[in-house]
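Okay, so here's the structure we're looking at.
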Amino acid sequence: MRIFVTGGAGFIGSNFVRRMVARPNVEVVTFDALTYAGNLVNLGDLEGLAGRHAFIRGDICDADAVTKAMAGADAVVHFAAESHVDRSIATSAPFVRTNIEGTRVLLEAARECGVQKFVHVSTDEVYGSLGATGYFTEESCLAPNSPYSASKAGSDLLARAYCETYGLPVVITRCSNNYGPYQFPEKLIPLMIIHALEGRALPVYGDGGNVRDWLHVADHCSALEAVLREGAVGEVYNIGGHNERTNLEIVKMILRFMGRDESLITFVKDRPGHDRRYAIDASKMKRELGWTPAYDLERGLAETVAWYVAHRQWWEGILSGAYREYYERQYGVGL
Ligand code: NAD
Ligand code: TYD
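Pasting the structure below:
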């Protein structure tokens, strides 16, 4: 199976590429623009796997480049996106461009290339915000509240329409918040670990009572592999781990694993339009594809803290900007 993976130099994409390249009879082509969030260092251990893994730098909005790179692919797994809510609140245009127009370009190319499966990786955030009770199911209404989630919802609807109109074999996944190795340090968990390591304030938005349903990235990737192999065309699958915690609980867990006291916690201005609670009903994944997560949150978060402690060079390279030079060393031209 030859898989065309967009956004494979980002957090979840790089974890997925590493997982799939280890499978027999699988070849992966990673297609990624290397925006600020893309980091070839994340795939550095796959160098030397010529024939099993190829990297192509390209923009998913560039139809010619996409169609050329996708030729010969059996399946597409589409991760590439602008992914950070706070950035979308500051500037929404790149979100509309990459997440909506980029997805349209990929769907067109997939039609032209005749791919057998198009896995569109989306998010639970398209469903909006929950009150104190209840869960998102695949039937929940789309009610996005941020420019990020609105652009992802737009891409979901395009993916659905290409399946209905052209018979493109699309499957949509909607996962809850991920954590684990290689997550860009603008997101809650790596940001808090790094700030705690450096003795800096830990900025908790609002009252810290917003709830997220955390899933280890390895569990997201195992779910995506199940969807890629067995997911029914035209279906939506919610993916989550039943690990609902408030942000304050997560920050306190991190401090406990690090042996730090809670004095670094600092409450700051709330995010505008801040979704209060996400919680996923993932029973369809279990019932139809036999998928369940392997990690519990205590173990997964403890391992993640240990990973960031052990990989100081990785995140210092991001904070200093040096990670951008890795591409130049590999390919002889700057980003
Ligand atoms: P990320 O920001 O870490 O990585 C995104 C990748 O996409 C980067 O490598 C970047 O270079 C690439 N990219 C961005 N714009 C591009 C373009 N125009 N052309 C080609 N490549 C481009 O994101 P992530 O956290 O790994 O998320 C991956 C996907 O999973 C996204 O679609 C996101 O919506 C979805 N998702 C993320 C989470 C989460 O908790 N992180 C949860 C559910 C779903
Ligand atoms: P984030 O990692 O940005 O993911 P998302 O917004 O997609 O859920 O944020 C997770 C939660 O943590 C969210 O409720 C916002 C909150 N948060 C903070 O309190 N402080 C921070 O510095 C960040 C980045 C997030």
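Counting from 194, one number per residue, gives the positions in the sequence shown under my numbering.
We put the beta carbon where it would ideally sit given N, CA and C, even for glycine.
Cβ-heavy atom distance, residue i to ligand 1, below 6 Å
{"i": "Phe288", "result": "no"}
{"i": "Ser342", "result": "no"}
{"i": "Phe329", "result": "no"}
{"i": "Phe204", "result": "yes"}
{"i": "Ser333", "result": "no"}
{"i": "Cys414", "result": "no"}
{"i": "Ile293", "result": "no"}
Opposing strand residues paired with residue i [DSSP bridges]
{"i": "Ser315", "result": "Arg367"}
{"i": "Asp406", "result": "Glu437"}
{"i": "Pro396", "result": "Thr459"}
{"i": "Ala268", "result": "Ile196 and Lys310"}
Which of helix, strand or coil DSSP assigns to residue i
{"i": "Lys310", "result": "strand"}
{"i": "Tyr430", "result": "strand"}
{"i": "Thr260", "result": "helix"}
{"i": "Arg290", "result": "helix"}
{"i": "His413", "result": "helix"}
{"i": "Thr284", "result": "coil"}
{"i": "Thr296", "result": "helix"}
{"i": "Tyr375", "result": "coil"}
Burial state of residue i (16 or more Cβ within 10 Å)
{"i": "Pro337", "result": "buried"}
{"i": "Tyr359", "result": "exposed"}
{"i": "Pro217", "result": "exposed"}
{"i": "Leu512", "result": "exposed"}
{"i": "Ala325", "result": "exposed"}
{"i": "His413", "result": "buried"}
Residue i Cβ short of 6 Å to ligand 2 heavy atom set
{"i": "Val319", "result": "no"}
{"i": "Pro396", "result": "yes"}
{"i": "Asn371", "result": "no"}
{"i": "Lys445", "result": "no"}
{"i": "Lys261", "result": "no"}
Contact with chain B by residue i, beta-carbon distance below 7 Å
{"i": "Val198", "result": "No chain B appears in the structure shown, which is made up of a single protein chain."}
**Message:** So within the stretch 204 to 256, which uninterrupted beta strand (DSSP E) runs reach at least 3 residues, ignoring any that extend past its ends?
**Reply:** Listed in chain order, they are 220 to 225 and 246 to 250.
**Request:** Quick one: which unbroken alpha helix (DSSP H) runs of 4-plus residues sit fully inside the stretch 449 to 528? Chain order, please.
**Result:** 476 to 482, 490 to 503, 505 to 513 and 516 to 524
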